[in-house]
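To start, the structure itself, in structure tokens.
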Amino acid sequence: MTKNVNETKETILSHDIGTSGCKSVLVDHHLGIVDSHFEPYPTYVPERDWMEQDPEEWWASVCRSTRTLLHRNGCHVKVKCVAITGQMMGMLPVSNAGEPLMRSVIWADLRSKEEMEQIEEMLGAEWLYQITGQPASCGYTLPKILWLVKHNRDIYDQTYQFLHSKDYINLKLTGNYATDHTDAAYTLCYDLHKRDWSDVVLDSCGVSADKFPRILNSTDIVGYITPEALQACGFDEDECIPVVAGAGDGSASHAGALCFEKGDAYISLGSSSWYMEVLDEPFMDPEGRLQCEPHVLPDLYMLGGTMQTGGMSYQWLKENLFADQFTYEELGNLLAESAPGASGVLFFPFLLGERAPWANPYVRGAYMNLAYETGQSEIVRATLEGITYNLLAIKKLCGDARSKRPMVLMGGGAGNQAWVNILADIFGDRIFVPTDFRDRCSIGGALIGFMGLEKNIADHNIDFSKWLEETEGVTYTPDESIQKRYENIFPIWHEVATALMASSRRLSEVQDYIV
Numbered sequence: 000m001t002k003n004v005n006e007t008k009e010t011i012l013s014h015d016i017g018t019s020g021c022k023s024v025l026v027d028h029h030l031g032i033v034d035s036h037f038e039p040y041p042t043y044v045p046e047r048d049w050m051e052q053d054p055e056e057w058w059a060s061v062c063r064s065t066r067t068l069l070h071r072n073g074c075h076v077k078v079k080c081v082a083i084t085g086q087m088m089g090m091l092p093v094s095n096a097g098e099p100l101m102r103s104v105i106w107a108d109l110r111s112k113e114e115m116e117q118i119e120e121m122l123g124a125e126w127l128y129q130i131t132g133q134p135a136s137c138g139y140t141l142p143k144i145l146w147l148v149k150h151n152r153d154i155y156d157q158t159y160q161f162l163h164s165k166d167y168i169n170l171k172l173t174g175n176y177a178t179d180h181t182d183a184a185y186t187l188c189y190d191l192h193k194r195d196w197s198d199v200v201l202d203s204c205g206v207s208a209d210k211f212p213r214i215l216n217s218t219d220i221v222g223y224i225t226p227e228a229l230q231a232c233g234f235d236e237d238e239c240i241p242v243v244a245g246a247g248d249g250s251a252s253h254a255g256a257l258c259f260e261k262g263d264a265y266i267s268l269g270s271s272s273w274y275m276e277v278l279d280e281p282f283m284d285p286e287g288r289l290q291c292e293p294h295v296l297p298d299l300y301m302l303g304g305t306m307q308t309g310g311m312s313y314q315w316l317k318e319n320l321f322a323d324q325f326t327y328e329e330l331g332n333l334l335a336e337s338a339p340g341a342s343g344v345l346f347f348p349f350l351l352g353e354r355a356p357w358a359n360p361y362v363r364g365a366y367m368n369l370a371y372e373t374g375q376s377e378i379v380r381a382t383l384e385g386i387t388y389n390l391l392a393i394k395k396l397c398g399d400a401r402s403k404r405p406m407v408l409m410g411g412g413a414g415n416q417a418w419v420n421i422l423a424d425i426f427g428d429r430i431f432v433p434t435d436f437r438d439r440c441s442i443g444g445a446l447i448g449f450m451g452l453e454k455n456i457a458d459h460n461i462d463f464s465k466w467l468e469e470t471e472g473v474t475y476t477p478d479e480s481i482q483k484r485y486e487n488i489f490p491i492w493h494e495v496a497t498a499l500m501a502s503s504r505r506l507s508e509v510q511d512y513i514v
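For the sequence shown, position 481 (counting from the first letter as 1) is numbered 480 according to numbering that gives the first Met the number 0, and the numbering increases by one without interruption.
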């Protein structure tokens, strides 16, 4: 049968409010990207350790992106639903008129270190972790709110709701205040077990629970696009388009990796990198080294950990050790000149301290076992192996409940075939790289939109494993002989990493390089 070129394709419009800009995609019901557009916006650094963004610039980017996509695709697409994902852990106070009271204090802002220490003194880091599932960090929302109370009480008093990036866009689209469980979990005042705001945490910190929005499931419909927002985004004025609650960008990646069954796992190789797997009930690491958080579906959870400088370590290598004399492709060719194990050279990727699995802000990176004959190829290979060893350390803490399906890999690092082979060999697992590995977060957002429209999907009446089988991509299989070599090296790497943790605080006291 001849395809009708004038056929209208039903799509989900997904916007990701990222750190560098808004990425917008139209996705069809096969999870294929019909079209995409990117709108950048700036980050403001008014003082050292401060990082802010203007929420009105987020909204303007969403409007421009939507208009661009609608203009380019015209009558060939029909937007059935809008789903927003976005950067997590921010602090944006909004008035009861829906107006921002200041710029958003974003996830990378470190101004609230003293407030985080106060929270730990009041509640105890171990107790706080058992309630929230999150290791204590000044990056979360709650310490930023305490900073606001201390330094600008007037804005706190005027605040009607504290919102995350996606929640503000949902407010602009629908006029309704809400968040979802995935973003709520990254505030440090969310009770993972009760799946609600923690009155104990908030009362202890002197913060009003009334200033936090209602919590919805990611697939719940927040509302419908208002006439004003329809006009601003370039939709027809008579359209009736629902908006789902959406998810934080990290949690949307879980969906983009099609991790919907217990034991499903994936790795994201971006500037920071993480390993996560699906659980059917919360698990708290006795030493508080792992993150446990809600899945986008209400009966599932995610367990894993994020390392600070995954892909960023590789970028640092390229820009600093090699002064940008090689492209990434040339670095890959250079790596091939060194055998697995990098002639005994070890790298420890702790350039900005480390979150998982060490929870140590003082430790810094290192190369070990350098010899006179050590060359560039060994340095390149050792760097990628060291990043991967740290991800393996996170995986080992998560246990052995892995499903039989391949581990999914996404993020920019998934385009480095040499690195993917290293991952497969060190993990001893099959690694599946989707063809659209750079877009899986956006696809995850769109999938949340589809689930919001089709409740049978949210009720698990779909074979997600089959969906993964139908996804285009390449599966990498470990080489058994190389895997055994890495199995012998990893315990040594872990022993040295542990020793670095033990000495890092003392070294920091004499070097004064802690940011």
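In this text, a Cβ means the ideal position worked out from N, Cα and C, and glycines have one as well.
Residue burial is scored here from C-beta neighbours: residue 388 has at least 16 other C-beta atoms within 10 angstroms and is therefore classed as buried. Annotated three-state conformation of residue 493 is helix, per DSSP. Non-local beta-carbon contacts of residue 207 in its own chain, meaning distances under 8 Å to residues more than five positions away in sequence, involve 201 in chain order.
With fewer than 16 other CB atoms across the displayed protein chains lying within 10 angstroms of its CB, residue 501 is exposed. Within the model, the alpha-carbon separation for residue 415 versus residue 342 is close to 21 Å.
Cβ contact annotation for residue 504 (same chain, cutoff 7 Å, sequence separation greater than five): 361, in chain order. When DSSP states are grouped into helix, strand and coil, residue 80 belongs to the strand group.
Assigned with DSSP and collapsed to three states, residue 283 falls in coil, not helix or strand. Under the DSSP assignment, residue 15 falls in the beta strand (DSSP E) whose first and last residues are 8-16. In the assembly as shown, residue 474 is an exposed residue. Its beta-carbon has fewer than 16 other beta-carbons within 10 Å. In this structure the segment 242-262 touches the segment 289-303; the number of beta carbon pairs closer than 8 Å is three or more. Contact between residue 168 and residue 16 holds: their C-beta atoms lie close to 6 Å from each other, under 8 Å. Your pair residue 164 and residue 85 checks out as a contact, with CB atoms roughly 4 Å apart and the cut at 8 Å. Pairing residue 264 with residue 394 gives a Cβ-Cβ distance under 9 Å. Straight-line measurement puts the Cα of residue 53 at about 11 Å from the Cα of residue 60.
For residue 305, the enclosing beta strand (DSSP E) covers residues 300-306. Relative to the Cα of residue 358, the nearest Cα in the group 192, 326, 286 belongs to 286.
Taking C-beta atoms under 8 Å as the contact rule, residue 333 and residue 317 fail to qualify, at a distance of about 11 Å. Look at residue 359 here: in three-state DSSP terms it is strand. The beta carbons of residue 449 and residue 180 sit about 19 Å from each other, so the pair does not count as a contact at 8 Å. When Cβ pairs closer than 8 Å are counted between the two stretches, the segment 89-96 is seen to touch the segment 144-164, the count reaching three or more. No Cβ-Cβ contact shorter than 9 Å links residue 495 with residue 266.
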